[in-house]
Amino acid sequence: ELWQQIPENLRREIDLQEIYFAAMIEAGAGDEIEPELRRILNRNWRDTLAVLYGAIEMEDPAVQLKHAEEWTRRHGNNAVLLRVLGKLALRAGDEEKAEDYLRRSLECKPTVEAYRLLGDLLQRKGSAEEAADCYRRGLMLASEGVIEEVEAHPEGG
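One point on numbering: in our numbering, the residue at position 84 of the sequence shown is 93, and numbering is uninterrupted.
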């Protein structure tokens, strides 16, 4: 495996880990790197790596979800983990679990992605009004970020 060919002192570099795993996922090698990424997350939790774990599309998403759910023992109220679990539960076809995880993620820390995922799920379930509310809240959150950025740099630079 390519990862094992990298010197160990470099493999411990956080930035290198993130770049490597993101590139491998983008190249379609998610199944290949999943065990190593999971092992690193078990030893040294980082939200960025958890997001990358959620971006892996394994053949059996239910197995991936089961592995990721083990992290709730140590990181149960982590909004990023809950959002990743919601995303994985959707892929695994467990809409009830996905809805629970996404709602819990939003309770911890609202994000545009969590609102979008929950809105899409609610729309599929026929809850159009509640889905529209999720989309509205997500758009408001996104626009707040844009406004803050513009106000922080009024001259565009």
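Don't be surprised by glycine CBs; every beta carbon is placed ideally from N, CA and C.
Cβ-based neighbour list, Gly-128, same chain, cut-off 6 Å, excluding 5 preceding and 5 following: Within the sequence shown, numbered from 1, the residue matching residue 128 stands at position 119. Around Gly-128: Ala-140, Cys-143, Tyr-144.
Distance, Glu-105 Cα to Lys-134 Cα: In the sequence shown, counting from the first residue as 1, residue 134 sits at position 125. In the sequence shown, counting from the first residue as 1, residue 105 sits at position 96. So the two alpha carbons sit approximately 10 Å from each other.
In chain order, each alpha helix (DSSP H) run of at least 4 residues that lies wholly inside the stretch 88-154: DSSP runs (the alpha helix (DSSP H)) wholly in the stretch 88-154: 88-100, 104-117, 121-133.
Contact set for Val-93: own chain, Cβ-Cβ below 6 Å, skip 5 residues either direction: Along the sequence shown, read from residue 1 onward, the residue named residue 93 stands at position 84. Sequence-distant partners of Val-93 (beyond 5 residues in either direction) whose C-beta falls short of 6 Å from its own C-beta, in its chain, are Ala-59, Gly-63.
C-beta contact flag for Tyr-110 and Leu-150 at 8 Å: For the purposes of this step, residue 110 is taken as residue 101 along the sequence shown, with counting starting at 1. For the purposes of this step, residue 150 is taken as residue 141 along the sequence shown, with counting starting at 1. Contact annotation: Tyr-110 and Leu-150 have beta-carbon atoms that are not nearer than 8 Å.
Integer-rounded CB distance, given that Pro-70 should sit under 8 Å from Arg-47: The residue given as residue 47 occupies position 38 in the sequence shown. The residue given as residue 70 occupies position 61 in the sequence shown. Not really, about 14 Å apart at Cβ, beyond 8 Å.
Of the residues Ala-38, Ala-98, Glu-35, the one placed nearest Lys-75, counting alpha carbons only: In the sequence shown, counting from the first residue as 1, residue 75 sits at position 66. The residue from Ala-38, Ala-98, Glu-35 with its alpha-carbon nearest to that of Lys-75 is Ala-98.
Terminal residues of the alpha helix (DSSP H) in which Ala-38 lies: As a first step, residue 38 is located in the sequence shown; it is residue number 29 there, counting from the start. Segment: none, Ala-38 is in no alpha helix (DSSP H) and carries neither H nor E.
Euclidean distance between Cα positions of Lys-96 and Arg-83: Taking the first residue of the sequence shown as 1, we reach residue 96 at position 87. Taking the first residue of the sequence shown as 1, we reach residue 83 at position 74. For Lys-96 and Arg-83, the distance between alpha carbons rounds to 19 Å.
Reduced DSSP secondary structure (H/G/I, E/B, other) of His-162: Walking along the sequence shown from the start, residue 162 turns up at place 153. Looking at His-162 - three-state DSSP - the assignment turns out to be coil, as it is neither helix nor strand.
Limits of the alpha helix (DSSP H) - the one that Trp-54 falls within: Translated into positions along the sequence shown, residue 54 becomes position 45. Taken as a continuous stretch (DSSP letters only), Trp-54 belongs to no alpha helix (DSSP H), as it is neither H nor E.
Proximal residues to Ala-77 (C-beta, below 7 Å), its chain only, five neighbours per side dropped: Your numbering for residue 77 matches position 68 in the sequence shown. Cβ contact annotation for Ala-77 (same chain, cutoff 7 Å, sequence separation greater than five): Tyr-62, Val-93, Leu-94, Leu-97, in chain order.
Anticipated Cβ contact below 8 Å, Met-67 with Glu-43, distance rounded: Numbered from its first residue, the sequence shown carries residue 67 at position 58. Numbered from its first residue, the sequence shown carries residue 43 at position 34. Between Met-67 and Glu-43 the beta-carbon gap is near 6 Å, inside 8 Å, which marks them as a contact.
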